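In what follows, a single structure is set out as structure tokens and then discussed.
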């Protein structure tokens, strides 16, 4: 496409089917434990 | 729902519910929100004179094709995921062990009241630590990966107990087919070669604390006698970072309204040779002199932009000056599943804190707060009402998150900050939200610039 380029094709909805196993790292969201976002976490089930 | 922003010469359009992230030219960026209705006549009228009709049609063709692929203007389909979350067996998979309610620094912003946590000075015994391991295994159901964080106060003030708990955990994980990941957070004052060697052998991750430039660090992180901590800890931290091959650690700092130019502190740590850096805004109420106030938000956001632009340049150049800033890390192609994104940290449910006496709290920030005690490692969980309240604390339960484009990146923020500053675990801390949104934009900007370059 000329006016837009998509950076990612892996869609959030595709994670509904197999998600929720809970094996991933706990993501503390307070400022004292250095894990303020979950978006950079790795999935342990992929 | 879409969100668009322009930063450092790149236009980004995020489709919130699909998670698709697009880099747009100016015309697409201009019309993308107005075209959600799909009405071409409206767009031609609104942008008449600014763009040629042919150009507008061509751009709208592209937007239509993204819409058809469900990568733009997609709908929220995740609320039913909550039923799945509710149906899950409640398990505990991570514990924060308060090894020492005591500290050898007197950090001015300490939420733990310089280690005492609204109580008195205390050290955890091996008996409590071992009971915590037993409690975790017993309550972990089928989860295999279990986390134990040694926290304080300052955990090195009670390091023999840390070692005993690790040894016990390693024995028990074999028996019960679990995999313990131990982590530790330290201010470095008592760090020596023996402790360093032990940490490198046994700890999955280490968080070390430094606020950046000497004058900034020493102002907020003095030692018990009032002298600064920088000169004592920096050489030890440099050694630790190198001995871990510059991975699996974070050097983390806190910025306050006394150093709103905190990008200098981040770059100072990078210049000291640290490659894994995290610096976060202090959380505090307006009655302190150091808290970030609403009026500081524009300055902080500008500083984040400045830091992101510099980090992008350093990534591009590579080599000695490059580093990783934790809060600009983002995985757009993978990352956690939507369930994880809706529930966040799991405090009060999957994640609990243990006091030196063995009492359970929803997380380290709630320790000692009235009404938040949940049971003990000896008697198990008792306060199921409180656990239910925390288990229902997710993005859909928070009115503010319902309006926010960043909800799947942030997961609803910190429950403790919400409670401390807004009085309710379901009301996200407003200043924290503003800054979180900015950090996500900065993270995506860096990715978008790199994507443009590779294209």
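Protein chains in written order, with my numbering: chain A, 21 to 66; chain B, -17 to 437.
Yeah, the Cβ is synthetic: ideal placement off N, Cα and C, and Gly gets one too.
As the structure is a computational prediction, the values presented were derived from the model and not from experiment.
Short CB-CB distance (under 9 angstroms) between residue 148 of chain B and chain A: For this step, residue 148 of chain B is matched to residue 166 along the second chain. False, the Cβ-Cβ gap to chain A never drops below 9 angstroms.
Residue 267 of chain B versus residue 279 of chain B - alpha carbon distance: Your numbering for residue 267 of chain B matches position 285 in the second chain. Your numbering for residue 279 of chain B matches position 297 in the second chain. So the alpha carbons of these two residues sit roughly 15 angstroms apart.
Do residue 349 of chain B and residue 100 of chain B have their beta-carbon atoms positioned less than 9 angstroms apart in this structure? Position 118 of the second chain, counted from the start, is the residue given in the question as residue 100 of chain B. Position 367 of the second chain, counted from the start, is the residue given in the question as residue 349 of chain B. In this structure, residue 349 of chain B lies closer than 9 angstroms to residue 100 of chain B by Cβ.
Thinking just about the alpha-carbon of each residue, which of B:424, B:380, B:346 is nearest to the one in residue 82 of chain B? Position 100 of the second chain, counted from the first residue, corresponds to residue 82 of chain B. Selected option, being the one with the closest Cα: B:346.
With 16 other CB atoms within 10 Å as the buried threshold, where does residue 332 of chain B fall? Indexing the second chain from 1 puts residue 332 of chain B at position 350. Burial call: buried.
Have a look at the DSSP bridge pairing and note the partners of residue 130 of chain B. As a working mapping, residue 130 of chain B is identified with position 148 in the second chain. In DSSP, residue 130 of chain B forms a bridge with B:77, B:164.
Compare the C-alpha of residue 98 of chain B against each of B:85, B:29, B:109, B:106 and name the closest. The residue given as residue 98 of chain B occupies position 116 in the second chain. Cα-wise, what sits closest to residue 98 of chain B is B:85.
Excluding the five sequence neighbours on either side, which residues of its own chain have a C-beta within less than 8 angstroms of the C-beta of residue 246 of chain B, listed in chain order? Counting from one through the second chain, the residue named residue 246 of chain B turns up at place 264. Here the set comprises 194, 195.
From B:46, B:32, B:218, pick the residue whose C-alpha is nearest to that of residue 170 of chain B; which is it? Locating residue 170 of chain B in the second chain gives position 188, counting from the first residue. Per the Cα distances, B:218.
Residues of chain A with CB under 9 angstroms from residue 48 of chain B, in chain order? Taking the first residue of the second chain as 1, we reach residue 48 of chain B at position 66. Under the 9 angstroms cutoff, chain A gives 21, 24, 26.
Measure the Cβ-Cβ separation of residue 314 of chain B and residue 24 of chain A and say whether it is below 9 angstroms. Reading the second chain from its first residue, position 332 is the one you call residue 314 of chain B. Reading the first chain from its first residue, position 4 is the one you call residue 24 of chain A. Contact flag unset, no.
Which runs of the alpha helix (DSSP H), 4 residues or longer, sit entirely within the stretch 323 to 390 of chain B? 366 to 373, 381 to 384
Could you check if residue 208 of chain B is buried or exposed, using at least 16 other CB atoms within 10 Å of its CB as the buried criterion? Mapped onto the second chain, residue 208 of chain B falls at position 226. So residue 208 of chain B ends up on the exposed side.
Could you pull the DSSP bridge partners for residue 232 of chain B from this structure? Taking the first residue of the second chain as 1, we reach residue 232 of chain B at position 250. For residue 232 of chain B, which the question treats as bridged, DSSP gives the partners B:189.
Element boundaries [alpha helix (DSSP H), containing residue 43 of chain A]: Counting from 1 along the first chain, the entry for residue 43 of chain A is found at position 23. Here residue 43 of chain A belongs to no alpha helix (DSSP H), and DSSP marks it neither H nor E.
Measure from the C-beta of residue 427 of chain B to each C-beta in chain A and report whether the shortest distance is under 9 angstroms. Translated into the one-based positions of the second chain, residue 427 of chain B becomes position 445. Residue 427 of chain B does not count as touching chain A.
Indicate whether residue 80 of chain B and residue 373 of chain B have their beta-carbon atoms separated by less than 9 angstroms. Here residue 80 of chain B is taken as the residue at index 98 of the second chain, counted from 1. Here residue 373 of chain B is taken as the residue at index 391 of the second chain, counted from 1. Contact flag unset, no.
Beta-carbon proximity of residue 48 of chain A to residue 322 of chain B, cut-off 9 angstroms: For the purposes of this step, residue 48 of chain A is identified with residue 28 of the first chain, where counting begins at 1. For the purposes of this step, residue 322 of chain B is identified with residue 340 of the second chain, where counting begins at 1. Their beta carbons are not under 9 angstroms apart, which means residue 48 of chain A does not touch residue 322 of chain B by this criterion.
Verify whether the separation of the beta carbon atoms of residue 417 of chain B and residue 286 of chain B is less than 9 angstroms. Here residue 417 of chain B is taken as the residue at index 435 of the second chain, counted from 1. Here residue 286 of chain B is taken as the residue at index 304 of the second chain, counted from 1. In contact: residue 417 of chain B and residue 286 of chain B (Cβ atoms closer than 9 angstroms).
Counting only Cβ pairs nearer than 7 angstroms, list the residues of chain A close to residue 192 of chain B. Mapped onto the second chain, residue 192 of chain B falls at position 210. By Cβ distance, chain A contributes nothing, its closest Cβ being about 12 angstroms from residue 192 of chain B, past 7 angstroms.
So which residues on chain A does residue 333 of chain B lean against when the C-beta distance must stay under 8 angstroms? On the second chain, residue 333 of chain B is found 351 positions in, with the first residue counted as 1. Simply 46, 48.
Through-space distance from residue -13 of chain B to residue 10 of chain B, alpha-carbon basis: The residue labelled residue 10 of chain B in the question sits at position 28 within the second chain. The residue labelled residue -13 of chain B in the question sits at position 5 within the second chain. Rounded to whole angstroms, residue 10 of chain B to residue -13 of chain B spans 12 angstroms at the Cα level.
Are the C-beta atoms of residue 430 of chain B and some chain A residue less than 9 angstroms apart? For this step, residue 430 of chain B is matched to residue 448 along the second chain. Judged by the 9 angstroms Cβ criterion, residue 430 of chain B is in contact with chain A.
Spatial distance of residue 359 of chain B from residue 46 of chain B (CA atoms): To locate residue 359 of chain B, count along the second chain from 1; it is residue 377. To locate residue 46 of chain B, count along the second chain from 1; it is residue 64. If you take the alpha carbons of residue 359 of chain B and residue 46 of chain B, they lie about 57 angstroms apart.
Answer yes or no: do residue 137 of chain B and residue 369 of chain B have a C-beta to C-beta separation smaller than 9 angstroms? The sequence position of residue 137 of chain B within the second chain is 155, counting from 1. The sequence position of residue 369 of chain B within the second chain is 387, counting from 1. Going by C-beta atoms, residue 137 of chain B is not nearer than 9 angstroms to residue 369 of chain B.
Spatial neighbours of residue -2 of chain B within its chain, please: CB distance less than 6 angstroms, with the 5 preceding and 5 following residues excluded, ordered by chain position. Translated into the one-based positions of the second chain, residue -2 of chain B becomes position 16. Closer than 6 angstroms at the Cβ level, and outside the excluded window around residue -2 of chain B, lie -17, 387.
According to the Cβ coordinates, are residue 235 of chain B and residue 216 of chain B closer than 9 angstroms? As a first step, residue 235 of chain B is located in the second chain; it is residue number 253 there, counting from the start. As a first step, residue 216 of chain B is located in the second chain; it is residue number 234 there, counting from the start. No.
Where residue 56 of chain A falls: helix, strand or coil (DSSP): Taking the first chain and counting its residues from 1, the one referred to as residue 56 of chain A is at position 36. Interpretation of residue 56 of chain A is limited by its pLDDT of 45, a score under 50 that renders its predicted location unreliable; the figure taken from the coordinates is listed afterwards. Residue state, collapsed to three classes: coil.
Return no unless some Cβ of chain A is closer than 9 angstroms to the Cβ of residue 25 of chain B. Here the question's residue 25 of chain B lines up with position 43 in the second chain. Chain A, which has no Cβ nearer than 9 angstroms to the Cβ of residue 25 of chain B, makes this no.
Taking all protein chains shown into account, decide if residue 439 of chain B is buried (16 or more other Cβ within 10 angstroms of its Cβ) or exposed. The first residue shown for chain B is -17 and the last is 437, placing residue 439 of chain B beyond what the model contains.
Burial state of residue 19 of chain B (16 or more Cβ within 10 Å): Residue numbering aside, residue 19 of chain B sits at position 37 when the second chain is read from its first letter. Burial call: exposed.
Residue 263 of chain B lies in the beta strand (DSSP E); which residues open and close that run? Position 281 of the second chain, counting from 1, holds the residue named residue 263 of chain B. Run containing residue 263 of chain B: 258 to 263, per the beta strand (DSSP E) assignment.
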